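4 protein chains.
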Amino acid sequence: MSARAAGGDKQSFIEQARRAQIVASAIKVIAEAGYGGASLSLIAEHAGISKGVISYHFTSKSELMEEVVRRILKEVVEFVVDSVKDEASATAVLRGQILAVAGHMRERPAEIMALHEISSNMRAPDGSLRYGIEAAEEILRLLEGIYEMGHHTGEFREFDRRVMAVTHNAAVIDMFAYWATHPGHDLDAHAAELADIFVRATRKESPA
Amino acid sequence: MSARAAGGDKQSFIEQARRAQIVASAIKVIAEAGYGGASLSLIAEHAGISKGVISYHFTSKSELMEEVVRRILKEVVEFVVDSVKDEASATAVLRGQILAVAGHMRERPAEIMALHEISSNMRAPDGSLRYGIEAAEEILRLLEGIYEMGHHTGEFREFDRRVMAVTHNAAVIDMFAYWATHPGHDLDAHAAELADIFVRATRKESPA
Amino acid sequence: MSARAAGGDKQSFIEQARRAQIVASAIKVIAEAGYGGASLSLIAEHAGISKGVISYHFTSKSELMEEVVRRILKEVVEFVVDSVKDEASATAVLRGQILAVAGHMRERPAEIMALHEISSNMRAPDGSLRYGIEAAEEILRLLEGIYEMGHHTGEFREFDRRVMAVTHNAAVIDMFAYWATHPGHDLDAHAAELADIFVRATRKESPA
Amino acid sequence: MSARAAGGDKQSFIEQARRAQIVASAIKVIAEAGYGGASLSLIAEHAGISKGVISYHFTSKSELMEEVVRRILKEVVEFVVDSVKDEASATAVLRGQILAVAGHMRERPAEIMALHEISSNMRAPDGSLRYGIEAAEEILRLLEGIYEMGHHTGEFREFDRRVMAVTHNAAVIDMFAYWATHPGHDLDAHAAELADIFVRATRKESPA
DNA sequence: GATGAATGAGACTTCATTCAT
DNA sequence: AATGAATGAAGTCTCATTCAT
Numbered sequence: 001m002s003a004r005a006a007g008g009d010k011q012s013f014i015e016q017a018r019r020a021q022i023v024a025s026a027i028k029v030i031a032e033a034g035y036g037g038a039s040l041s042l043i044a045e046h047a048g049i050s051k052g053v054i055s056y057h058f059t060s061k062s063e064l065m066e067e068v069v070r071r072i073l074k075e076v077v078e079f080v081v082d083s084v085k086d087e088a089s090a091t092a093v094l095r096g097q098i099l100a101v102a103g104h105m106r107e108r109p110a111e112i113m114a115l116h117e118i119s120s121n122m123r124a125p126d127g128s129l130r131y132g133i134e135a136a137e138e139i140l141r142l143l144e145g146i147y148e149m150g151h152h153t154g155e156f157r158e159f160d161r162r163v164m165a166v167t168h169n170a171a172v173i174d175m176f177a178y179w180a181t182h183p184g185h186d187l188d189a190h191a192a193e194l195a196d197i198f199v200r201a202t203r204k205e206s207p208a
Numbered sequence: 001m002s003a004r005a006a007g008g009d010k011q012s013f014i015e016q017a018r019r020a021q022i023v024a025s026a027i028k029v030i031a032e033a034g035y036g037g038a039s040l041s042l043i044a045e046h047a048g049i050s051k052g053v054i055s056y057h058f059t060s061k062s063e064l065m066e067e068v069v070r071r072i073l074k075e076v077v078e079f080v081v082d083s084v085k086d087e088a089s090a091t092a093v094l095r096g097q098i099l100a101v102a103g104h105m106r107e108r109p110a111e112i113m114a115l116h117e118i119s120s121n122m123r124a125p126d127g128s129l130r131y132g133i134e135a136a137e138e139i140l141r142l143l144e145g146i147y148e149m150g151h152h153t154g155e156f157r158e159f160d161r162r163v164m165a166v167t168h169n170a171a172v173i174d175m176f177a178y179w180a181t182h183p184g185h186d187l188d189a190h191a192a193e194l195a196d197i198f199v200r201a202t203r204k205e206s207p208a
Numbered sequence: 001m002s003a004r005a006a007g008g009d010k011q012s013f014i015e016q017a018r019r020a021q022i023v024a025s026a027i028k029v030i031a032e033a034g035y036g037g038a039s040l041s042l043i044a045e046h047a048g049i050s051k052g053v054i055s056y057h058f059t060s061k062s063e064l065m066e067e068v069v070r071r072i073l074k075e076v077v078e079f080v081v082d083s084v085k086d087e088a089s090a091t092a093v094l095r096g097q098i099l100a101v102a103g104h105m106r107e108r109p110a111e112i113m114a115l116h117e118i119s120s121n122m123r124a125p126d127g128s129l130r131y132g133i134e135a136a137e138e139i140l141r142l143l144e145g146i147y148e149m150g151h152h153t154g155e156f157r158e159f160d161r162r163v164m165a166v167t168h169n170a171a172v173i174d175m176f177a178y179w180a181t182h183p184g185h186d187l188d189a190h191a192a193e194l195a196d197i198f199v200r201a202t203r204k205e206s207p208a
Numbered sequence: 001m002s003a004r005a006a007g008g009d010k011q012s013f014i015e016q017a018r019r020a021q022i023v024a025s026a027i028k029v030i031a032e033a034g035y036g037g038a039s040l041s042l043i044a045e046h047a048g049i050s051k052g053v054i055s056y057h058f059t060s061k062s063e064l065m066e067e068v069v070r071r072i073l074k075e076v077v078e079f080v081v082d083s084v085k086d087e088a089s090a091t092a093v094l095r096g097q098i099l100a101v102a103g104h105m106r107e108r109p110a111e112i113m114a115l116h117e118i119s120s121n122m123r124a125p126d127g128s129l130r131y132g133i134e135a136a137e138e139i140l141r142l143l144e145g146i147y148e149m150g151h152h153t154g155e156f157r158e159f160d161r162r163v164m165a166v167t168h169n170a171a172v173i174d175m176f177a178y179w180a181t182h183p184g185h186d187l188d189a190h191a192a193e194l195a196d197i198f199v200r201a202t203r204k205e206s207p208a
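Residue numbers (UniProt numbering), protein chains in the order written: chain F, 1 to 208; chain G, 1 to 208; chain X, 1 to 208; chain U, 1 to 208.
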């Protein structure tokens with residue numbers, strides 16, 4: 001086995017390019033064929049390389065999948081954080097986040113699909129879901145941050161932030177899933193409706 | 001070919017019992033090992049029978065999976081319909097449905113897990129998701145029925161019923177997923193919070 | 001195991017009828033699906049009985065196949081013998097046999113097909129063809145009898161009777177095979193041509 | 001998927017060698033164990049390789065079988081054509097073809113056996129014989145060519161060329177089959193007798 | 001760095017056969 | 001006499017992984 005496996009200090013340019021190419025192919029194949037259907041053969045074929053190349057650059061299929069998740073998650077989180085950093089009120093952040101994520105989904109459906117496929121299917125050797133908790137956790141914390149802000153500013157009524165975050169996350173992901181399954185569906189209109197739903201669900205009671 | 005294939009009205013008692021036993025084992029194995037990990041070997045082992053028995057009672061693995069879905073879906077839909085049929089207002093139906101489903105999930109987690117696994121992973125020979133749209137559609141229609149009622153009675157504000165139903169469904173499923181992943185999580189409290197969320201999201205504006 | 005296996009003295013009427021029914025179904029299935037495709041399931045299904053019945057009446061699949069061969073061969077040989085017994089000259093017998101066999105083939109194609117399938121495919125446990133030599137041998141002897149008669153009467157020129165019989169048999173069987181594959185082919189015209197061929201191939205030289 | 005699938009012009013040397021080796025093993029196993037007995041296990045064992053190697057070089061068992069047929073048929077047809085191309089009269093071609101084919105059969109019995117096994121047993125997914133008509137058709141046309149020549153030159157009497165070709169083909173094949181079953185049989189003597197038979201069956205009537 | 005080639009485990013399925021009822 | 005049920009071996013195929021070149 002060569003030094004690459006250590007993944008350590010310096011990766012050559014070719015090394016980086018190849019890994020990126022393989023990851024990109026993996027994302028597309030997973031998005032199309034599902035986690036279960038994404039064999040190394042298919043990924044290699046999509047990338048126009050031989051199967052052995054993948055094994056050369058990745059210790060195992062698991063490592064490839066983990067790299068895929070890492071890249072997508074990084075991108076998504078960066079995007080989410082970025083999309084709300086300039087909003088002033090918690091309500092605006094809330095609404096902005098939903099609309100922005102919808103925009104991101106429209107631009108990168110394969111990534112979102114692949115992330116979903118892997119995190120709901122990939123398992124550790126012991127049979128447990130590899131990304132059971134952690135994968136969502138990072139995003140849940142970001143969402144909870146929005147609600148904490150609203151609670152702090154007094155914009156939002158009292159509610160369990162974890163439950164709201166789980167619900168929020170589910171609603172956004174399934175908006176995507178529904179859109180992916182129903183090509184004609186209007187994603188932006190859906191997002192706008194969804195934003196309404198959460199604004200109403202979180203805001204303080206109207207004064208009597 | 002055995003009598004079952006004819007699909008005729010009467011199956012022997014043993015036939016019914018075996019099919020039920022195999023379906024039950026399949027549900028447990030899928031819930032534990034995931035759709036991809038649920039091999040006929042594992043299912044047979046769990047049922048304490050030989051692999052051939054499954055092939056004897058089911059034409060193919062697909063047929064077994066479809067039977068699993070059919071049984072669970074029937075149970076779930078019956079339950080959902082039953083749980084709300086006596087409520088008077090749409091708001092009560094809405095709240096009641098969420099609480100009742102949570103109760104059902106607490107009682108039958110494996111079924112819900114298996115249904116989710118199969119419907120998000122099983123694919124037709126052509127590569128498309130076997131239960132892509134139709135499976136959810138039935139439930140979405142039921143949920144839309146609740147919102148239609150609320151619109152009719154004037155309890156609910158105007159909103160897109162399909163978006164609300166998709167969101168509602170996602171929220172409930174992910175409540176389950178979160179609970180399944182976090183054993184210590186309080187499912188009933190989550191359900192109560194969720195009911196609040198949807199009641200607020202759907203109700204008419206408070207008068208100024 | 002019951003007494004039936006011994007095949008001995010007395011078989012009940014039902015026993016006989018069942019065996020005949022199963023043999024008949026086997027013949028049809030083999031003719032349609034080939035020896036390799038003729039599973040006990042298919043045969044049972046065709047007969048409208050359960051698979052177990054076959055095992056009840058026949059010790060093994062081999063025994064069933066042997067019974068099939070026995071019945072068909074008996075019928076064919078009787079027919080062949082019968083069809084030529086009244087002819088006076090060897091030439092007439094030769095011509096008559098070919099025409100008569102063609103007629104028989106038209107009436108019982110499944111039997112001929114099945115006989116051919118079994119004798120060219122069924123193997124003994126040691127891997128050798130079960131009906132390699134004997135099956136054809138009986139027929140070859142009958143054909144040699146015709147040539148011997150012609151040699152005795154002086155109608156036929158000198159030739160190797162075994163080679164002629166093998167050729168004759170092959171020609172007749174392949175006439176059937178060609179007809180079976182080409183439904184529009186004129187079997188009777190073929191037989192007439194074939195008779196001409198063998199009459200010319202066997203007759204004494206025309207005097208100079 | 002390996003390069004072979006593309007069907008491209010160039011296969012690596014190893015690829016070609018392996019395919020040839022596997023085809024050769026397949027031929028021997030089929031000749032010995034019959035089409036039905038020729039499992040991939042047996043073929044791999046005979047070749048001294050693992051089962052997976054066959055799957056690596058051939059998409060499916062069908063593809064292997066088709067390659068086997070292609071190679072044998074090519075060889076046989078080339079041989080037949082070659083063996084008669086220098087003969088002057090149709091009668092000489094006829095006699096020469098039979099003797100030459102017998103010689104070829106003596107040299108390559110396994111090929112002939114395998115070709116016969118596959119073409120009479122291999123079936124398409126729909127149950128019809130894979131090589132029902134076309135396989136024989138090519139050879140029948142070649143034989144008809146001989147008769148057409150004899151008709152054209154006036155050497156042969158009038159007869160149905162298709163019937164004669166079918167008979168000729170059957171006679172030659174069964175000569176082989178008889179020899180294969182009866183090791184002591186004199187193949188060359190048989191061929192000589194057979195040539196006599198067809199010369200007599202086709203020649204013009206002796207002048208009165 | 002990259003590839004083709006090979007492997008062996010494991011998946012699904014079919015099938016002849018056995019057995020209790 | 002018949003059946004449904006069960007078995008286990010064997011078959012074909014897929015796949016992640018390893019290795020020599």
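Beta carbons: idealized from backbone N, C-alpha and C, even for Gly. Note that the coordinates shown come from a computational prediction; the quantities given were computed from them, not determined experimentally.
Quick one: Cα of residue i to Cα of residue j, how far?
| i | j | result |
| --- | --- | --- |
| U:A100 | U:H182 | 20 Å |
| X:E63 | G:E137 | 56 Å |
| X:V163 | U:N169 | 15 Å |
| F:G96 | F:A31 | 27 Å |
| F:S55 | G:L140 | 44 Å |
| U:Y35 | U:N121 | 7 Å |
| F:Q21 | F:I72 | 14 Å |
| F:L94 | F:H190 | 15 Å |
| X:T59 | X:R18 | 14 Å |
| X:W179 | X:D186 | 8 Å |
| U:A88 | U:I98 | 15 Å |
| F:T167 | X:A33 | 58 Å |
| U:S2 | U:S25 | In this predicted model, U:S2 has a pLDDT of only 42, less than 50, meaning its place in the structure is not dependable enough to derive any value. |
| X:T91 | X:I49 | 48 Å |
| F:K61 | F:G37 | 13 Å |
Measure how close the beta-carbons of residue i and residue j come, nearest whole angstrom, since I'm counting them as under 8 Å.
| i | j | result |
| --- | --- | --- |
| U:V69 | U:L115 | 7 Å |
| F:G145 | F:T202 | Going by Cβ atoms, the distance from F:G145 to F:T202 rounds to 14 Å, so no, they are not a contact pair. |
| U:A165 | U:Y147 | 7 Å |
| F:F159 | G:E193 | 6 Å |
| U:K51 | U:L40 | 6 Å |
Just curious, the alpha helix (DSSP H) that residue i is in, first and last residue?
| i | result |
| --- | --- |
| X:R161 | 161-181 |
| X:V205 | According to the sequence provided, residue 205 of chain X is Glu. The question's Val does not apply to it. It is not in any alpha helix (DSSP H) - X:E205 carries neither H nor E in the DSSP assignment. |
| G:S25 | 13-37 |
| G:I43 | 40-47 |
Fill in: Stretch pair the region 84-92 of chain X + the region 121-129 of chain X: three plus CB contacts closer than 8 Å
no
Worksheet item: Mind pulling the alpha helix (DSSP H) runs of 4 or more residues that sit fully within the region 51-98 of chain U?
Response: 51-57, 61-84
Discussion item. I'd like to know if the region 104-115 of chain F and the region 146-162 of chain F are in contact, where contact means that at least 3 CB-CB pairs between them fall below 8 Å.
Written reply: no
Worksheet item: In chain order, which continuous runs of the alpha helix (DSSP H) of length 4 or greater are located wholly inside the region 105-157 of chain U?
Response: 109-121, 134-153
Worksheet item: Just checking, does the region 40-59 of chain U make contact with the region 108-122 of chain U on the three C-beta pairs under 8 Å criterion?
Response: no
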